[in-house]
Amino acid sequence: MTVSCASTADKLLFPLKLIRVALLIVFFLLGAFSIVATQFIGIVINFLLTFLFSFLSNFLKLFNENQLDFLKNLKEIWLSFTKKLFIILLVSIMDAISPTNIKITYKYDSSLLPKDTFFTTNDTNDLISNINPFSIFIANHQIYTDWVYLWFILYSGNLSNFIYIMLKDSLSKLLIFGWGMKNYNFIFLSRKWKTDKHTLLNSFNLLNFKSDKKNGNFPYSLVLFPEGTNYSDNRKVVSNNYCQKNNHPNMNNVLYPRITGLRFTLRNLYKTSNYLYDFTIAYSDIKKNQFPEKIYTLSNTYIHGNGPKQVNLFLKIHEINRIPGLNLNTPFESPEDELKHSKIFEEWLVKIWDEKDQLLENFYENSSYILNEKISDLNNTDQLKELNFAEKNNYKVSLLSQ
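Note that full-length UniProt numbering has the sequence shown beginning at 1, numbered continuously upward.
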């Protein structure tokens, strides 16, 4: 009986890998605790300053209400800064365990691409993203860390301070960390629409309020995944059943999207957000009919260091006021009228997801998104730009050179 050298080496290295993971866990916990402590210090200082200035204003008449508003903005700036610290912590750990390259392909059509959106590099070949500061991101959901790469895109555009993501309600109950995430105004959902509808509405009202010039003109980038969950074998069965129920062909590489949350989001944020950034996510090591969550398990990624080698993003941008079925600015005449517009929106979103399905089909077969002429809106008059950053080909997702 023989044992391969590779197998023997893996066994010898395994204890070292465990030590590395243990050290990184300690590093993460210390970093996360430090960030939460920074939040706490900022909140306490802001409370004391507010009390002091209110006293001086009420009794000594030294300040008026407008002059006190800067304290509210100061708290927001402080807490948003700790968001940036968190993505720095996350990406530093991921870069130490399993470095990842990022590749962006986007539709470069002046009639569709906002003037303030572009991707380039600086003199040291670092990624520079210029993104509309009031935007909504959607994407297909492959693995749990998809949102980290979208957050990194925002980091490269100096917008990482103002990201908002949707999470399971149970995460808000985590000791210490739950409180820290609440300070970020992340949106915690129970997956019960009657409850979540009010949660979302309160969050959207807050985003609209803070984005007003009178209240600080704070940007926001809201990230959500209409599929609602990761792409997996079990969920694919559910998705296919839903496709059959709606007389729609099965989707091979994505899950049938849910419309309610996204439609509600767009209808409530359209006055402050003009663009929907539509990302398709693929990982280079994944082959057709494979499920990324089974390849990039926690043990593979964080113990063995076998995380994604390259993240491939395809970007399309939609003007929100042109999306059909939203019926913006006009109340619905009846429940039947609302249902009719909801169906129109669903048809539009499903078409977008069919395009994603075809894009991923292209990618898995040819390692490139740009091949199939059947993809709608990709015609001869459009120019597609592929951007490859960093060492020869791809930009390395790392903060060390930022």
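We treat Cβ as the ideally placed atom computed from N, Cα and C, and that holds for glycine.
Fair warning: this is a prediction, and the values are worked out from it, not measured in the lab.
Minimum C-alpha distance to residue i - residue among the options
{"i": "Tyr-242", "options": "Leu-255, Leu-174 and Met-94", "result": "Leu-255"}
{"i": "Thr-260", "options": "Arg-191, Lys-213 and Leu-298", "result": "Arg-191"}
{"i": "Leu-200", "options": "Met-166, Ser-221, Ile-143 and Leu-313", "result": "Met-166"}
{"i": "Ile-286", "options": "Glu-361, Ser-170 and Phe-53", "result": "Glu-361"}
{"i": "Ala-282", "options": "Pro-257, Lys-309, Leu-298 and Val-223", "result": "Lys-309"}
{"i": "Ser-80", "options": "Ser-160, Ile-45, Phe-28 and Leu-154", "result": "Ser-160"}
{"i": "Phe-177", "options": "Thr-105, Lys-83 and His-304", "result": "Lys-83"}
{"i": "Trp-353", "options": "Phe-134, Ser-98, Phe-225 and Leu-171", "result": "Phe-225"}
{"i": "Asp-126", "options": "Tyr-149, Asp-212, Ser-156 and Glu-336", "result": "Ser-156"}
{"i": "Thr-280", "options": "Gly-305, Lys-356 and Ser-170", "result": "Lys-356"}
{"i": "Asn-366", "options": "His-318, Ser-342 and Asn-312", "result": "Asn-312"}
{"i": "Asn-217", "options": "Leu-56, Phe-14 and Asn-73", "result": "Asn-73"}
{"i": "Phe-101", "options": "Ser-284, Pro-331, Asp-212 and Asp-116", "result": "Before going further, note that residue 101 is Asn rather than Phe in the sequence given. Nearest C-alpha to Asn-101: Ser-284."}
{"i": "Ser-98", "options": "Phe-363, Gly-305 and Ile-320", "result": "Gly-305"}
{"i": "Phe-162", "options": "Lys-173, Met-181 and Leu-171", "result": "Met-181"}
{"i": "Ile-138", "options": "Phe-51, Trp-147 and Tyr-270", "result": "Trp-147"}
{"i": "Asp-116", "options": "Lys-103, Arg-267, Ser-135 and Glu-333", "result": "Ser-135"}
{"i": "Thr-164", "options": "Ile-104, Asn-329, Phe-204 and Trp-193", "result": "It is worth fixing the name first, because residue 164 is Tyr in this sequence and not Thr. Taking only the C-alpha atoms, the option nearest Tyr-164 is Phe-204."}
{"i": "Leu-298", "options": "Met-94, Thr-50 and Glu-227", "result": "Met-94"}
Outcome for residue i when other beta-carbon atoms lying within 10 angstroms are tallied against a minimum of 16
{"i": "Arg-263", "result": "buried"}
{"i": "Ile-19", "result": "exposed"}
{"i": "Tyr-220", "result": "buried"}
{"i": "Ile-25", "result": "exposed"}
{"i": "Ser-376", "result": "The predicted model places Ser-376 with a pLDDT of 41, which falls under 50 and marks its position as unreliable; any figure quoted below should be read in that light. Exposed is the call here."}
{"i": "Gln-358", "result": "buried"}
{"i": "Glu-373", "result": "Because Glu-373 sits at a pLDDT of 43, beneath the cut-off of 50, its placement in the model cannot be relied upon, and the point is left open."}
{"i": "Glu-347", "result": "exposed"}
{"i": "Leu-273", "result": "Per the sequence shown, the amino acid found at residue 273 is Ser instead of Leu. So Ser-273 ends up on the buried side."}
{"i": "Val-36", "result": "buried"}
{"i": "Gln-39", "result": "buried"}
{"i": "Pro-249", "result": "exposed"}
{"i": "Pro-257", "result": "buried"}
{"i": "Ala-238", "result": "Checking the displayed sequence, the identity of residue 238 turns out to be Val instead of Ala. Classification for Val-238: exposed."}
{"i": "Lys-168", "result": "exposed"}
{"i": "Trp-151", "result": "buried"}
{"i": "Ser-54", "result": "exposed"}
{"i": "Glu-336", "result": "exposed"}
{"i": "Leu-13", "result": "exposed"}
{"i": "Ile-153", "result": "buried"}
{"i": "Ser-211", "result": "buried"}
{"i": "Phe-363", "result": "buried"}
{"i": "Ile-128", "result": "exposed"}
Cross-strand partners of residue i (DSSP beta bridge)
{"i": "Tyr-277", "result": "Phe-137 and Ile-317"}
{"i": "Gln-310", "result": "Asn-101"}
{"i": "Ser-221", "result": "Ser-135 and Ile-163"}
{"i": "Thr-50", "result": "Its beta-bridge partners do not exist; DSSP assigns none."}
{"i": "Thr-121", "result": "Leu-127"}
{"i": "Ile-187", "result": "Met-166"}
{"i": "Ala-96", "result": "Answer is none; Ala-96 lacks a bridge partner."}
{"i": "Leu-283", "result": "Note that residue 283 is Tyr in the sequence shown, not Leu. Bridge partners of Tyr-283: Val-311."}
Inside the region 125–178 only - beta strand (DSSP E) runs reaching at least 3 residues: 127–130, 134–139 and 163–168
Contact between the region 179–193 and the region 113–131 (3+ Cβ pairs under 8 Å): no
At least 3 beta-carbon pairs within less than 8 Å: the region 80–98 vs the region 29–37: yes
Cβ contact check for the region 289–297 and the region 137–149: 3 or more pairs under 8 Å: yes
At least 3 beta-carbon pairs within less than 8 Å: the region 226–233 vs the region 307–326: no
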